[in-house]
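Notes follow once the structure below has been shown.
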Amino acid sequence: MSDIVRLHTNQRMSRVVKAAGLVFIGGQTAGDPVADVKMQTAQVLEKIDGFLRDAGIDKTRLVSAQVWLANIERDFAGMNEVWDAWVPQGCAPTRATVEAKLAAAQLLVEIAVVALA
Amino acid sequence: MSDIVRLHTNQRMSRVVKAAGLVFIGGQTAGDPVADVKMQTAQVLEKIDGFLRDAGIDKTRLVSAQVWLANIERDFAGMNEVWDAWVPQGCAPTRATVEAKLAAAQLLVEIAVVALA
Amino acid sequence: MSDIVRLHTNQRMSRVVKAAGLVFIGGQTAGDPVADVKMQTAQVLEKIDGFLRDAGIDKTRLVSAQVWLANIERDFAGMNEVWDAWVPQGCAPTRATVEAKLAAAQLLVEIAVVALA
Chain U
53 MSDIVRLHTN
63 QRMSRVVKAA
73 GLVFIGGQTA
83 GDPVADVKMQ
93 TAQVLEKIDG
103 FLRDAGIDKT
113 RLVSAQVWLA
123 NIERDFAGMN
133 EVWDAWVPQG
143 CAPTRATVEA
153 KLAAAQLLVE
163 IAVVALA
Chain C
53 MSDIVRLHTN
63 QRMSRVVKAA
73 GLVFIGGQTA
83 GDPVADVKMQ
93 TAQVLEKIDG
103 FLRDAGIDKT
113 RLVSAQVWLA
123 NIERDFAGMN
133 EVWDAWVPQG
143 CAPTRATVEA
153 KLAAAQLLVE
163 IAVVALA
Chain B
53 MSDIVRLHTN
63 QRMSRVVKAA
73 GLVFIGGQTA
83 GDPVADVKMQ
93 TAQVLEKIDG
103 FLRDAGIDKT
113 RLVSAQVWLA
123 NIERDFAGMN
133 EVWDAWVPQG
143 CAPTRATVEA
153 KLAAAQLLVE
163 IAVVALA
């Protein structure tokens, strides 16, 4: 029976959980959301890079991703521009992108990923 | 090649599937949705406790969770109050919470989780 | 350390990723969305059948699914009719279905699945 490793854990959630050979990173949002979707996406992906590092891996190990956009019609292209530049060539995860209202009005994008440990 | 164990299965979905060392529990909603978000959240988490038990584990094995709220602005705090009290100390899963209209108008919250077998 | 197999990969996403004994298929939408939700659902599930085949498995190995509908009140029953007929008896995955605006206005349904390799 393998074990669970939790990183950056509080009473509500862990930012990272390693289990069953996978690394789960929960939905991340911009730390400084006073920005357009490109800047928020860049902040989110920088957070994810850091959490992958904390888990001992990097973005070449991405398996799947979910992206939520507060306004998909307006912001799909901008998010994708930053996303496409961030993904290492040949290492793209599966992805689903849908519109959803997020936990605070100023948040434009939230991204969760699963990676291989 | 490991195998799949399905519990509470009908033609549309299984409530629980065990595979690859993980336990997947699909999106659960309140059985008696005539209630506010706190009571609905409590009902959902009680369902999840039961399904974890059926899978031979408990909530200390939570890996990741997704929460959908029909009205995130109004109900985020109420859901979190019940959620935070339910999560065992030091065992919080990763989480993503977004707003989404659910399958019936009276449903205020839906939660899906992945746990370690 | 097991490895990652990516299929149908471009700079943005892979359609299929195999890792940790699981097969992840990202959010799929209808190739010809000039259709009602039943025809779009059938197109999506045909795509998923093909991707499962590419991964060396089939729909009897489904573990979990997420369904997004652009209009859940109108289209939940129609999607379910096609879904229920597609799922092999006794092999239903866990599932969560919520409403979400999708990446293009004509898209009515998007489905992502995880299966066992």
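Chains as they are written, first to last, in our numbering: chain U, 53 to 169; chain C, 53 to 169; chain B, 53 to 169. Built from N, CA and C at the ideal position, the CB exists for glycine as well.
Same chain, Cβ closer than 6 Å to residue i, neighbours up to 5 away in sequence not counted
i: U:Glu162; result: Gly79, Thr81, Trp120 and Leu154
i: B:Leu168; result: Arg113 and Val115
i: C:Thr149; result: Val119
i: U:Gly130; result: Val89 and Lys90
i: C:Val166; result: Leu74, Phe76, Val115 and Ser116
i: B:Val134; result: Lys90, Thr93 and Ala94
Close Cβ partners of residue i (< 8 Å) along its chain, the five nearest in sequence each way excluded
i: B:Ser66; result: Arg58, Leu59, His60 and Gly78
i: U:Arg147; result: Ser116, Ala117, Gln118 and Val119
i: U:Ile100; result: Ile77, Gln80, Lys111, Ile163 and Val165
i: C:Ile109; result: Val75, Ala167, Leu168 and Ala169
The beta strand (DSSP E) enclosing residue i, as first and last residue numbers
i: B:Val150; result: Thr146 to Glu151
i: B:Ala71; result: Ser66 to Ala71
i: C:Ala117; result: Leu114 to Leu121
i: B:Leu59; result: Val57 to Thr61
i: C:Val139; result: From DSSP, C:Val139 is part of no beta strand (DSSP E); its letter is neither H nor E.
Amino acids of chain C, ordered along the chain, whose beta-carbon sits closer than 9 Å to that of residue i
i: U:Leu154; result: Ile124, Thr149, Val150 and Glu151
i: U:Gly79; result: Gln118, Thr146, Arg147, Ala148, Thr149 and Val150
Boundaries (first-last residue) of the alpha helix (DSSP H) holding residue i
i: B:Gly102; result: Val89 to Asp106
i: C:Val86; result: Looking at the DSSP string, C:Val86 is not in any alpha helix (DSSP H), and its letter there is neither H nor E.
Neighbour list for residue i in chain U, Cβ cutoff strictly below 9 Å
i: C:Phe103; result: Neighbours of C:Phe103 on chain U: none; closest Cβ ~18 Å, over 9 Å.
i: B:Val68; result: Thr146
Chain C contact residues for residue i, given Cβ-Cβ distances below 7 Å
i: U:Phe76; result: Val115, Ser116 and Thr146
Within chain U, partners of residue i - CB distance below 8 Å
i: C:Gly108; result: Neighbours of C:Gly108 on chain U: none; closest Cβ ~11 Å, over 8 Å.
i: C:Leu97; result: Result: empty, since nearest Cβ-Cβ is about 13 Å, beyond 8 Å.
Per DSSP, cross-strand counterpart(s) of residue i
i: B:Glu162; result: B:Trp120
i: B:Ile77; result: B:Val68 and B:Val165
Chain B contact residues for residue i, given Cβ-Cβ distances below 8 Å
i: U:Trp135; result: Arg64
i: U:Gly130; result: Result: empty, since nearest Cβ-Cβ is about 13 Å, beyond 8 Å.
Residues that residue i contacts on chain B, provided the C-beta gap is smaller than 9 Å
i: C:Thr61; result: Gly142, Cys143 and Ala144
i: U:Val139; result: Gln63, Arg64 and Met65
i: C:Ile100; result: The contacting residues do not exist; C:Ile100 stays about 12 Å from chain B at best.
i: U:Leu159; result: Within 9 Å Cβ-Cβ: nothing; U:Leu159 doesn't reach chain B, min ~16 Å.
Under 8 Å by beta carbon: chain C residues contacting residue i
i: U:Glu162; result: Ala148 and Val150
Residues of its chain near residue i, where Cβ-Cβ distance is below 7 Å and the 5 sequence neighbours each way are ignored
i: B:Met53; result: Its pLDDT being 46, under 50, B:Met53 is placed unreliably in this model, and the value from its coordinates should be taken loosely. Around B:Met53: no qualifying Cβ.
Partners in chain B for residue i, counting only beta-carbon separations shorter than 7 Å
i: U:Ala72; result: Ala72
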